[in-house]
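Below you'll find the structure, written out as structure tokens, and then a few comments.
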Amino acid sequence: MTNPSQGADVKTANNASATSQSRVQTVGYTEIVAEPFSDNQDESPQSLREVIAVDRSGAVTDASSIYLDSPVLESGQSIAESDSVVFGSAVPNSAMTVEAFETLALQNNPTIAELVATTQKAAGYRTQVSLRANPSIGYQANQLADLGTDQHTFYISQTIVTGNKLALNRSVLDHALRAQLQHLEAQKYRVATDIRIKFFDTLAAQRRVQLIQDFQSVANKGLEFAELRKQAEEGSQLEVVQAKVLKNEIDLQLRQAIARFNAAWKELAALAGTPQMPPATLEGELPQVAAPMDWNTVAASIVVSSPEYQAAQARVSQARALICRHEAQPIPNLDVSFGSGYDNGTDNGLINLQIGAPIPVFNKNQGNITAARAEYVRASREVERIENSIKARLASAAGDFDASMAAVEQYASDILPNAQEGLDLAEIAYRAGETSYVQVLVAQRTYFETNLQYIAAQALLGQARARVDGYVLTGALDPIVDNSGDDSLRGLTFSQQ
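Residue numbers are given in numbering that gives the first Met the number 0: position 299 of the sequence shown equals residue 298, and the series is strictly consecutive.
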């Protein structure tokens with residue numbers, strides 16, 4: 000499996016101007032090329048392909064003593080203050096990275112366990128449908144009422160399957176197993192992608208809380224300064240009112256930011272399969288730079304390497320194998336019976352041999368053959384649907400990526416520096432007596448809101464990249480459809496009537 004962005008020949012630009020080397024790891028039976036999110040491995044999350052390939056032998060934290068309705072952050076509590084919260088029983092709380100959440104999710108998300116079970120079912124069915132029939136043994140007595148002429152025989156009978164039906168059965172279920180394995184692989188990406196998307200959302204919420212708390216102290220000092228100016232008859236009541244309005248708005252935004260962080264944290268913990276996990280500080284960086292991508296190349300790469308697409312291709316192969324299996328069904332099986340005994344009438348031994356087979360005169364399995372051919376058409380069209388769906392989802396992710404990347408670049412290069420310059424000029428003008436303190440408050444508000452918008456753009460950029468990196472697969476907790484199959488082909492093999 001290759002990285003969908005590998006074909007785009009993208010080089011991530013950073014301060015060191017270095018290009019990270021892709022790393023190849025193995026997940027189950029699938030080879031995955033892992034491409035880092037950025038060149039700085041210490042600051043940026045790993046690629047989803049690398050995370051899924053990580054050994055998942057870490058211990059799961061015991062969170063049995065934590066309740067779901069426990070508040071994540073109380074109003075007025077800072078993120079730094081929440082570091083005192085512990086995991087489970089007396090285990091010191093530490094910062095959680097996106098890789099830690101992905102490891103937890105791959106261990107605890109119930110959908111992955113469900114698909115592992117369906118994969119095991121498919122393997123069991125594959126074994127069952129290829130087993131030969133058990134032989135039968137018995138005893139037979141003839142002419143018991145005619146004294147002295149009775150015959151006694153022991154026999155063994157066996158059904159011999161012809162037409163290579165058992166091997167064809169196994170071929171059909173082998174493709175079903177391959178499809179289930181690809182569904183399992185796709186679900187791993189769904190889980191990892193949703194974790195990464197929600198991690199960026201929660202990380203942005205944490206960053207907003209921190210930013211608002213920082214600005215809250217500025218607003219409080221501004222209100223005190225405005226009141227002192229009024230007492231010294233250097234300012235007006237308007238400045239005091241404006242400072243109060245700004246402070247009240249900041250207080251409200253802090254309460255809202257904490258509420259959003261609480262909700263985002265609980266959703267992230269639920270996606271990880273540990274909904275009772277207590278809060279912890281998130282460790283990570285919101286993306287600040289991203290290289291443009293050749294979306295046509297990415298689309299071509301992501302479709303053929305997507306496990307979702309490969310699962311659909313396996314279903315086509317399964318449908319093709321099923322046609323071959325049903326076309327072999329009319330070939331009669333042989334029922335062979337061999338017996339040996341003694342004839343009291345002749346005082347000699349006897350041997351019986353019987354061979355029989357049904358004649359396919361009326362039932363030539365024509366109905367199942369027609370249905371199998373229709374299933375092949377349906378499976379082929381399903382491949383087309385999935386291909387179009389991947390391209391549509393990729394187009395949406397590409398639009399979000401390009402738009403958010405433009406926003407991040409514009410904020411970093413122009414908007415934030417201009418907002419900072421505007422704030423500096425307002426303060427200089429105020430000290431020179433060229434403007435009122437109200438203008439300083441306006442500049443402070445503009446600078447504050449600009450930083451919040453920059454955080455939102457960074458979060459969107461990280462989420463868009465996560466969707467692309469995860470084959471645009473989402474739905475970590477969506478219901479699982481069990482397509483593991485059944486052993487009905489075995490019953491069909493031994494019933495030709």
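Where a beta carbon is used, it is the ideal one built from N, C-alpha and C, also for glycine.
Since we're looking at a predicted model, the values are computed, not measured.
Excluding five sequence positions before and after A268, the CB atoms of its chain that fall closer than 8 angstroms to its own CB belong to P274, Q275 and M276, given in chain order. Spatial neighbours of F199 in its own chain (CB-CB distance under 6 angstroms, excluding positions within 5 residues in sequence) are listed in chain order as A458, G461 and Q462. For S93, the three-state secondary structure derived from DSSP is coil. Contact between S388 and V315 is absent: CB atoms are separated by about 16 angstroms, not below the 8 angstroms threshold. Contact between E282 and T126 does not hold, since the beta-carbon distance rounds to 46 angstroms and is not under 8 angstroms. Taking the Cα positions, Q409 is about 19 angstroms away from R207. L146 carries a coil assignment under DSSP once its states are collapsed to helix, strand and coil.
Boundaries of the beta strand (DSSP E) harbouring S339: L333 to D342, taken from the DSSP string. Put simply, of A175, I454 and R259 the residue whose alpha carbon is nearest the alpha carbon of L285 is I454. For N261, the uninterrupted alpha helix (DSSP H) segment begins and ends at Q236 to L270. Taking all protein chains shown into account, F260 has 16 or more neighbouring C-beta atoms within 10 Å of its C-beta and is therefore buried. In terms of Cβ geometry, K197 and L270 form a close pair [threshold 8 angstroms]. Counting the other Cβ atoms within 10 Å of the Cβ of G348 gives fewer than 16, which makes it exposed. Shown here, T201 sits in a helix according to DSSP, grouped into three states.
In the three-state reduction of the DSSP assignment, G366 falls in the helix class, which pools H, G and I. Spanning the alpha carbons of C323 and L167 requires a straight line of approximately 7 angstroms. The Cβ atoms of G338 and T152 sit closer than 8 angstroms to each other. Using a C-beta cut-off of 8 angstroms, the segment 302-311 makes no contact with the segment 485-496, since fewer than three inter-stretch Cβ pairs fall below that distance.
The alpha helix (DSSP H) runs lying completely inside the segment 97-130 and spanning 4 residues or more are 97-107 and 109-128, given in chain order.
In chain order, V439 place their CB closer than 7 angstroms to the CB of E426, counting only its own chain and leaving out the 5 sequence neighbours on each side.
In this structure the segment 431-445 touches the segment 233-251; the number of beta carbon pairs closer than 8 angstroms is three or more.
G137: member of the beta strand (DSSP E) spanning S135 to N141, first to last residue. The shortest C-alpha to C-alpha distance from N219 to any of Q230, L321, V239 and G398 is the one to V239. Here I196 carries a helix assignment [DSSP, helix/strand/coil]. The residue among L165, P329 and V160 with its C-alpha nearest the C-alpha of Y124 is L165.
Rounded to whole angstroms, the separation of the alpha carbons of D149 and Q142 is 5 angstroms. In this structure, E184 sits near P306, with a CB-CB distance shorter than 8 angstroms. Rounded to whole angstroms, the gap between the alpha carbons of I194 and E101 is 6 angstroms.
The C-alpha of D399 is placed about 13 angstroms away from the C-alpha of M292. In this structure, DSSP gives T161 a state outside helix and strand, which the three-state scheme calls coil.
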